[in-house]
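*Asks:* So the mapping is simple: this note's numbering equals the position in the sequence shown, first residue as 1, plus 1450. Pasting a structure below so you can have a look.
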Amino acid sequence: MAASTPATLRPMSSFPNPPRLARIARGDTPVPDDGGVRERAERRRRREAWDARRYRSALVPIIREVLAALDARADDGAPLPPDVLDRILRRHPRDGAGLFSRSELIEGCRALAREEAFAADVERFARGVRRKRVRTLSGVAPVTVFTPPFPCPGRCVFCPNDVRMPKSYLAAEPGAQRAADHGFDPYRQTWSRLAAFRATGHATDKVEVIVLGGTWSSHPEAYRRGFVARVFDAISDFGEGIDRRAAAAANGAA
């Protein structure tokens, strides 16, 4: 299925912007960095490049011990208590350089499942080590995406005016940071959020999409339709194992 392309958004300089927004739209004033964009991008790069097979000798004993601990528990489906998991992890450190993260454990289980004959236990293992299970306790994974900064016709004195963010949101908010890191592209935001859920053991077969951005109704209708279409493109692609984030990034911000 080919990814949809949203309608071209008119340049911000063509709208009656506040002076600072207009200068940023023209490129006269750089948008300030919150200081963590490159650091977060590097963490994502390392996480996505992580090779579980390199740590096979430590991961396999951890996985087997976790599965054995889950078998011994009566409340099937509940995650292991943190102290139990911590003791297992401390018995098998990662090359003497700290402990494995939960996302690394889950990725390792998936990568080694067929070779180590525990393919049938992957989802049970993921449920056993995940944290914040309340996020998908209802059976639905909430995926929040942000629209890009855009002029607002209102002049609400109490509304935050962070030029890096859509109106009424601040760059310090985790969801807003993720959106900025992905250039506010709907495809990249959606695909990456689903990948984060899967990496931490959450199901992604049912998704609730929440579109945030204080000026949503001010965007042209064609742009809004295109934005939502790319969100659903990402959901479909993720379910089929297709990753077009690089192509979305090459096409520029949303």
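Heads up, the beta-carbon is just placed ideally off N, CA and C, and yes, glycines get one too.
Do you know how far the Cα of R1643 is from the Cα of E1658?
*Replies:* Approximately 12 Å between the Cα atoms of the pair.
*Asks:* In or out: D1683 buried (at least 16 other Cβ within 10 Å) or exposed?
*Replies:* Buried.
*Asks:* Kindly list the residues whose CB is nearer than 6 Å to the CB of G1663, restricted to its own chain and excluding five residues on each side of it in sequence; keep chain order.
*Replies:* Same-chain partners within the cutoff: F1596, T1597, P1616.
*Asks:* Which residue marks the beginning of the beta strand (DSSP E) containing L1530, and which one marks its end?
*Replies:* Note, L1530: premise wrong, no beta strand (DSSP E); not H, not E.
*Asks:* Identify whether T1594 lies in helix, strand or coil by the three-state DSSP scheme.
*Replies:* T1594: strand per DSSP, three-state reduction.
*Asks:* Rounded to a whole number of angstroms, what is the C-alpha to C-alpha distance between F1538 and V1516?
*Replies:* Looking at the sequence shown, residue 1538 is not Phe but Ile. Going from the Cα of I1538 to the Cα of V1516 covers about 7 Å.
*Asks:* Which residues in the same chain have their Cβ closer than 8 Å to the Cβ of D1612, if we skip the five residues on either side of it in sequence?
*Replies:* Excluding sequence neighbours, D1612 sits near Y1619, L1620, A1621.
*Asks:* Candidates A1567, P1529, R1695, Y1505: which alpha carbon is nearest A1547's?
*Replies:* Minimum Cα distance to A1547 is reached at Y1505.
*Asks:* Which residue comes first and which comes last in the beta strand (DSSP E) that contains L1549?
*Replies:* Per DSSP, L1549 belongs to no beta strand (DSSP E) and is neither H nor E.
*Asks:* By the three-class DSSP mapping on this structure, what secondary structure does L1620 have?
*Replies:* Here L1620 sits in coil by DSSP.
*Asks:* Does the Cβ of I1660 have 16 or more other Cβ atoms within 10 Å, making it buried, or fewer, making it exposed?
*Replies:* Exposed.
*Asks:* Could you say if the region 1628-1639 and the region 1668-1688 meet the contact criterion of at least three C-beta pairs nearer than 8 Å?
*Replies:* Output reads yes: the region 1668-1688 touches the region 1628-1639.
*Asks:* Would you tell me roughly how many angstroms separate the C-alpha atoms of V1603 and S1668, rounded to the nearest one?
*Replies:* First, the amino acid is wrong: residue 1603 is Pro here, not Val. Spanning the two alpha carbons is a distance of roughly 8 Å.
*Asks:* Work out the CA separation of L1530 and V1590 for me, nearest whole Å.
*Replies:* Straight-line Cα distance between these residues: approximately 22 Å.
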